[in-house]
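Counting in my numbering, the sequence shown runs from 55 upward without gaps.
All C-beta atoms in this analysis are idealised placements derived from N, C-alpha and C, irrespective of residue type, glycine included.
Owing to the predicted nature of the structure, the values given are computational and were not obtained by experimental measurement.
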Amino acid sequence: MLVFWKARLVLLAVPKTGTSAYEAALGPHASMAVLDPPELKHAPVYRYNRFFRPMFEKMGVEHMELMAVVREPVSWLGSWYRYRQRGFLEGKPTSTRGLSFDDFVDAYTRGERPPFANVGSQAKFVEPRPNGTNVTHLFRYENQAVITGFLEERLGLTLDLPRENVSPRADLALSPEIEAKLRRKCAADFELWERAG
55 MLVFWKARLV
65 LLAVPKTGTS
75 AYEAALGPHA
85 SMAVLDPPEL
95 KHAPVYRYNR
105 FFRPMFEKMG
115 VEHMELMAVV
125 REPVSWLGSW
135 YRYRQRGFLE
145 GKPTSTRGLS
155 FDDFVDAYTR
165 GERPPFANVG
175 SQAKFVEPRP
185 NGTNVTHLFR
195 YENQAVITGF
205 LEERLGLTLD
215 LPRENVSPRA
225 DLALSPEIEA
235 KLRRKCAADF
245 ELWERAG
């Protein structure tokens with residue numbers, strides 16, 4: 055999560071949406087960069103609302119605008135699947151080594167997800183709070199030029215995004231049956247992505 059105090063903007067770090075590249079490019083310009091622990095770095099709206107919003111209000115800022123980037127849901131799950139193929143996870147319950155993408159997505163659509171498929175939900179991450187705290191600026195990961203343009207204008211700088219935290223290549227073939235199940239069970243994630251700019 056990156057906080058730009060003067061611009062009254064908070065960039066929430068939705069996992070698997072290029073946040074490491076934004077941290078590398080924008081970190082030096084941020085008033086505050088929350089990089090660890092992962093639970094705070096990737097603070098969803100509800101955690102921002104609980105911990106960060108009250109702190110900012112005590113410092114005299116009644117409203118910070120929240121920005122988030124979301125990825126097309128199949129692509130987002132593909133990124134998680136590939137990330138969890140990495141060697142450092144081998145032998146751990148969160149590893150996807152030895153699993154097909156179909157198996158991974160099928161496990162993700164279950165009510166009780168196994169550790170390797172327990173990766174959260176983008177829709178849940180940006181879910182508005184009852185007090186009105188919500189994402190003001192929602193962008194599609196696939197629209198990098200729009201995201202970059204917004205940030206450059208808002209922050210008054212030129213962005214050069216490096217490639218960071220790139221997952222290994224993998225076969226991301228998804229059967230029509232599993233994709234239909236994903237679209238049915240995770241409709242909120244697809245609707246969110248459709249709404250994003």
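Check                                                                                                                                   : Outcome
With distances taken Cα to Cα, identify the nearest neighbour of L63 among L209, A97, E248, A242.                                       : L209
Quick one: give me the first and last residue of the beta strand (DSSP E) that F204 is part of.                                         : No beta strand (DSSP E) contains F204, which is instead part of the alpha helix (DSSP H) from 198-209.
Pick helix, strand or coil for M3, following the three-state DSSP scheme.                                                               : The structure shown does not extend to residue 3, since the chain is modelled only from 55 to 251, so the question has no answer here.
Does DSSP classify R183 as helix, strand or coil?                                                                                       : coil
Would you kindly check if the distance between the Cβ of P91 and the Cβ of F244 is under 8 Å?                                           : no
Nearest by alpha-carbon distance to E181: which of L56, V57, V99, S74 is it?                                                            : V99
For A242, which of helix, strand or coil comes out of DSSP?                                                                             : helix
Whose C-beta lies closer than 8 Å to the C-beta of E93 among residues of the same chain, with five residues either side of it excluded? : R101
Would you say L213 and A250 are within 8 Å of each other, going by their C-beta atoms?                                                  : no
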